[in-house]
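J.: First, the structure itself, so that you have it in front of you.
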Amino acid sequence: MLTLRLIREEKDKLIKQLRIKNFEAEELIEKIIKLDDKRREFQLKKDNLQAQLNDISKEIGILYAQKKKEEAEQTKQKTIDIKEKIREYEDLLNDVESELNSIIVLLPNIPHESVPAGKTAEDNIIVKQAGDIPNLSIKKPHWDLIKEYDIIDFELGTKITGAGFPVYKSKGAKLQRALINFFLDQAEQVGYVEIQPPLIVNEDSGFGTGQLPDKEGQMYHIGLDNFYLIPTAEVPITNLYRNVILEEKDFPIKNVAYSACFRREAGSWGAHVRGLNRLHQFDKVEIVQIAKPENSYSVLEEMKNYVESLLIKLELPYRILKLCGGDISFTAALTYDFEVFSAAQERWLEVSSVSNFEDFQTNRLKLRYRPENEKKTRLAHSLNGSALALPRIMAAIIENYQTEQGIVVPKVLRDFTGFDIIEK
RNA sequence: GGAGAAAUGGCAGAGCGGUCGAAUGCGGCGGUCUUGAAAACCGUUGAGCUCGCGAGGGCUCCGGGGGUUCGAAUCCCUCUUUCUCCGCCA
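Each residue of the first sequence is one higher than the one before, starting from 53 at the first, in my numbering.
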């Protein structure tokens, strides 16, 4: 959610910048400013009336103290009219505020100045490509290999739940657990504090990170309790800092969390979502940082370099994309996507998305900090990234490391798996 | 799950329905004193919104939400959390 201050003060710049995201904001902004004007007017009127009422109440108090009961009773008459008016303005204010709140969330975050214009994923910029694409003698896609080696079972998952809920078995389960431990240990080494959050969140949390109200259909909803299954650990982790005022000494804030993630993915099933490419439940290790505004872009670079280091250690071919205005999410100001090359599918698979949200999330969250020697608080910046999402990494490892003898375990994972190869 | 008690500023802890945004102590910050520090003393010390060029003013916030009242930290309802006791349980 953009701040009203910014909308009012930098209207023209804002309209121009949002065109990068292919968003025509002018009409909406005019409407917001008009509503905000009304809001201020009603607020002021209500406050003034309230001040009058407060004065009268004090007067009555004093009269009672002086035992002037008659006069006190008379003075009470004066409040009747004022109270009525206050109620009127309260109603007006509530209406205008709820309308304002419902439309201000329609404005997307402003893209960073380096975000390229563009309509689709085709227009993203490849920032870097590295790692060798393996020259495979056999080239089976992972959905065949997992059956052959009996390490992941989709049919069983369908029996238990439904499509998109695979069952990981034996060495498949262990490989996945090895990856999780590897990712968590790596993050810990560079200063991330591990968190195990709830996997179910309430409405306030969903609103805080922007899943609600607009992306409601993406999450599984538990109607009886009005809770949501998390689509990513970003939701509980970032909400840890909802309504918090940080001190200078609290920075940097770096959290890492492993969690299962649940996504309904309604309507997004198609030809390229076979096997592990898209699931309703999957595992992910997520990194989150809360930063001071002046640092947030260097923090983003740091996070980008960290994610890259994981892919280098796993010896997977990867590329880094800077998302264009058309592909970047509603909430992000700048996003880097990481893709690994899945050698049998011969496709790039997105395995991480690292973003700076600037103060778009923190404005909703009311996450502020107090700069040293300043009285006023300011909104902090929030950033997050996958480090990494498991299924597509699994897919890429299974495909890229396949040999005649079996699926070779990447070197860095062997201490975690306790085996070097998955055989039939 | 049952019974009881509680929730107040960074922390501890007062607060008969009426000059209470809140005593007091600790902590923090500024100052006096000191070569420096400590001690002592004095002052200061929450947030949000808003009006004003500014000085300064107004409104709201005592776990969350609602209510009673001219007036609520204080009374009522409700939810949440914590503690004590009992029961149950991985």
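Glycine included, each C-beta is placed from N, C-alpha and C at the ideal position.
Got a sec? Which residues, its chain only, sit under 6 angstroms from Val219 by beta carbon, not counting five neighbours each side?
T.: Within the first sequence, residue 219 is the residue found at index 167, counting from 1. Contacts found: Asp205, Leu208, Gly209.
J.: Can you list the beta strand (DSSP E) stretches of 3 or more residues lying completely in the segment 376 to 406, in chain order?
T.: Taking only runs of at least 3 residues, the beta strand (DSSP E) segments lying wholly in the segment 376 to 406 are 386 to 394.
J.: Count the other CB atoms within 10 Å of the CB of Glu456; is the residue buried (16 or more) or exposed (fewer)?
T.: The sequence position of residue 456 within the first sequence is 404, counting from 1. By the 10 Å Cβ count, Glu456 comes out exposed.
J.: Can you give me the Cβ contacts of Ala441 inside the same chain, cut-off strictly under 6 angstroms, excluding the 5 residues immediately before and after it?
T.: Locating residue 441 in the first sequence gives position 389, counting from the first residue. Answer for Ala441: Lys336, Val403, listed in chain order.
J.: By DSSP, does Asn291 sit in helix, in strand, or in coil?
T.: On the first sequence, residue 291 is found 239 positions in, with the first residue counted as 1. In the structure shown, Asn291 sits in a helix (DSSP, three-state: H, G or I).
J.: How many Å lie between Asp147 and Thr469 at the Cα?
T.: Working through the first sequence from its first residue, we reach residue 147 at position 95. Working through the first sequence from its first residue, we reach residue 469 at position 417. Roughly 59 angstroms separates the two Cα atoms.
J.: Can you look up Phe279 in the DSSP assignment and give me helix, strand or coil?
T.: Mapped onto the first sequence, residue 279 falls at position 227. Strand, per DSSP.
J.: Of all the alpha helix (DSSP H) runs that stay within the bounds of the segment 117 to 181, which reach a length of 4 or more residues?
T.: Complete alpha helix (DSSP H) runs here, min 4: 121 to 156.
J.: Could you give the C-beta distance for Gly377 and Val167, rounded to a whole number, given that I count them as a contact under 8 angstroms?
T.: Position 325 of the first sequence, counted from the first residue, corresponds to residue 377. Position 115 of the first sequence, counted from the first residue, corresponds to residue 167. The pair is a contact, with the Cβ atoms about 6 angstroms apart (cut-off 8 angstroms).
J.: Identify the continuous alpha helix (DSSP H) that holds Asp256 and give its terminal residues.
T.: As a working mapping, residue 256 is identified with position 204 in the first sequence. It spans 255 to 260 - the alpha helix (DSSP H) in which Asp256 sits, taken as one unbroken run.
J.: At which residues does the beta strand (DSSP E) containing Asn298 begin and terminate?
T.: As a first step, residue 298 is located in the first sequence; it is residue number 246 there, counting from the start. A quick correction: the sequence has Leu, not Asn, at residue 298. Taken as a continuous stretch (DSSP letters only), the beta strand (DSSP E) holding Leu298 covers 297 to 299.
J.: Tell me whether the beta-carbon of Val359 lies closer than 7 angstroms to the beta-carbon of Ala448.
T.: Taking the first sequence and counting its residues from 1, the one referred to as residue 359 is at position 307. Taking the first sequence and counting its residues from 1, the one referred to as residue 448 is at position 396. No, Cβ-Cβ distance for Val359 and Ala448 is not below 7 angstroms.
J.: For Pro462, which residues of its own chain have a beta-carbon under 7 angstroms away from its beta-carbon, when the five flanking residues on both sides are left out?
T.: As a working mapping, residue 462 is identified with position 410 in the first sequence. Here the set comprises Leu366, Glu367, Ile449, Tyr453.
J.: Going by alpha carbons, who is nearest to Trp195 out of Gly437, Ala395, Arg422?
T.: Taking the first residue of the first sequence as 1, we reach residue 195 at position 143. Checked all of Gly437, Ala395, Arg422; the closest Cα to Trp195 is Ala395.
J.: DSSP three-state call for Asn357: helix, strand or coil?
T.: Taking the first sequence and counting its residues from 1, one reaches residue 357 at position 305. In the structure shown, Asn357 sits in a helix (DSSP, three-state: H, G or I).
J.: I'd like to check one pair, Val287 with Ala239: are the Cβ atoms closer than 7 angstroms?
T.: Taking the first residue of the first sequence as position 1, residue 239 is located at position 187. Taking the first residue of the first sequence as position 1, residue 287 is located at position 235. For Ala239 and Val287, no; Cβs fall outside 7 angstroms.
J.: If you run the structure through DSSP and keep just helix, strand and coil, what is Arg326?
T.: What you label residue 326 is simply residue 274 of the first sequence in a count that begins at 1. DSSP places Arg326 in coil when its eight states are reduced to three.
J.: Based on the DSSP output, what are the partners of Asn307 in its beta bridges?
T.: For the purposes of this step, residue 307 is taken as the residue at position 255 of the first sequence. BP columns for Asn307 point to Val245, Val340.
J.: Can you tell me which residues form a DSSP beta bridge with Val460?
T.: By one-based count along the first sequence, residue 460 stands at place 408. The partner list for Val460 (beta bridge, DSSP) reads Ile473.
J.: Going by DSSP, what residue range makes up the alpha helix (DSSP H) through Ile449?
T.: By 1-based counting over the first sequence, the position of residue 449 is 397. Segment 442 to 452, the alpha helix (DSSP H) holding Ile449.
J.: Measuring straight from C-alpha to C-alpha, what distance separates Gly262 and Gln413?
T.: Counting from 1 along the first sequence, the entry for residue 262 is found at position 210. Counting from 1 along the first sequence, the entry for residue 413 is found at position 361. Spanning the two alpha carbons is a distance of roughly 7 angstroms.
J.: Three-state secondary structure (DSSP) at Phe217?
T.: Indexing the first sequence from 1 puts residue 217 at position 165. Three-state DSSP puts Phe217 in coil, outside helix and strand.
J.: Using C-beta distances below 8 angstroms, list every residue in its chain close to Lys135, excluding the 5 sequence neighbours before and after it, in chain order.
T.: Sequence index remark: in the first sequence, residue 135 carries index 83 (1-based). If we look at Lys135 and ignore the five residues flanking it on each side, its Cβ neighbours are Leu105.
J.: Just reading off the alpha helix (DSSP H) that Arg315 is part of, what are its end residues?
T.: Residue numbering aside, residue 315 sits at position 263 when the first sequence is read from its first letter. No alpha helix (DSSP H) holds Arg315; DSSP gives it neither H nor E.
J.: Go ahead and label Leu96 buried or exposed: buried means 16 or more other beta carbons lie within 10 angstroms of its beta carbon, across all protein chains shown.
T.: Taking the first sequence and counting its residues from 1, the one referred to as residue 96 is at position 44. Classification of Leu96: exposed, given that the 10 Å Cβ count is below 16.
J.: Output the distance between the C-alpha atoms of Glu174 and Leu375, rounded to the nearest integer angstrom.
T.: Numbered from its first residue, the first sequence carries residue 174 at position 122. Numbered from its first residue, the first sequence carries residue 375 at position 323. Using only the alpha carbons, I get a separation of about 10 angstroms.
J.: Which residue wins for smallest C-alpha separation from Glu338, given the options Ile108, Phe234, Ile84, Lys171?
T.: In the first sequence, the residue the question calls residue 338 occupies position 286. Out of Ile108, Phe234, Ile84, Lys171, Phe234 has the C-alpha closest to the C-alpha of Glu338.
J.: Determine whether the beta carbon atoms of Phe94 and Leu144 lie at a separation below 7 angstroms.
T.: If you number the first sequence from 1, residue 94 lands on position 42. If you number the first sequence from 1, residue 144 lands on position 92. For Phe94 and Leu144, yes; Cβs fall inside 7 angstroms.
J.: Three-state secondary structure (DSSP) at Tyr349?
T.: Sequence index remark: in the first sequence, residue 349 carries index 297 (1-based). Of the three classes helix, strand and coil, the one that applies to Tyr349 here is helix, per DSSP.
J.: Do Leu417 and Gly480 have their beta-carbon atoms positioned less than 7 angstroms apart in this structure?
T.: Given a span of 53 to 476 for the chain in the structure shown, any question on residue 480 remains unanswerable.
J.: Quick check on Arg451: buried or exposed, where buried means 16 or more other Cβ atoms within 10 Å of its Cβ?
T.: Working through the first sequence from its first residue, we reach residue 451 at position 399. The question names Arg, yet the displayed sequence has Glu at residue 451. Looking at its Cβ environment, which holds 16 or more other Cβ atoms inside 10 Å, Glu451 is buried.
J.: Roughly how many whole angstroms lie between the Cα atoms of Cys313 and Asn329?
T.: For the purposes of this step, residue 313 is identified with residue 261 of the first sequence, where counting begins at 1. For the purposes of this step, residue 329 is identified with residue 277 of the first sequence, where counting begins at 1. Rounded to whole angstroms, Cys313 to Asn329 spans 14 angstroms at the Cα level.
J.: Considering just the uninterrupted stretch of the beta strand (DSSP E) at Arg371, what are its terminal residues?
T.: Within the first sequence, numbered from 1, the residue matching residue 371 stands at position 319. 370 to 374 is the span of the beta strand (DSSP E), which, as asked, contains Arg371.
J.: Bridge partners for Tyr272 per DSSP, in chain order?
T.: Indexing the first sequence from 1 puts residue 272 at position 220. Bridge partners of Tyr272: none, in fact.
J.: Contact between the segment 180 to 199 and the segment 286 to 303: three or more CB pairs below 8 angstroms?
T.: These segments do not touch.
J.: So what does DSSP say about Gly437, is it helix, strand or coil?
T.: In the first sequence, the residue the question calls residue 437 occupies position 385. Of the three classes helix, strand and coil, the one that applies to Gly437 here is strand, per DSSP.
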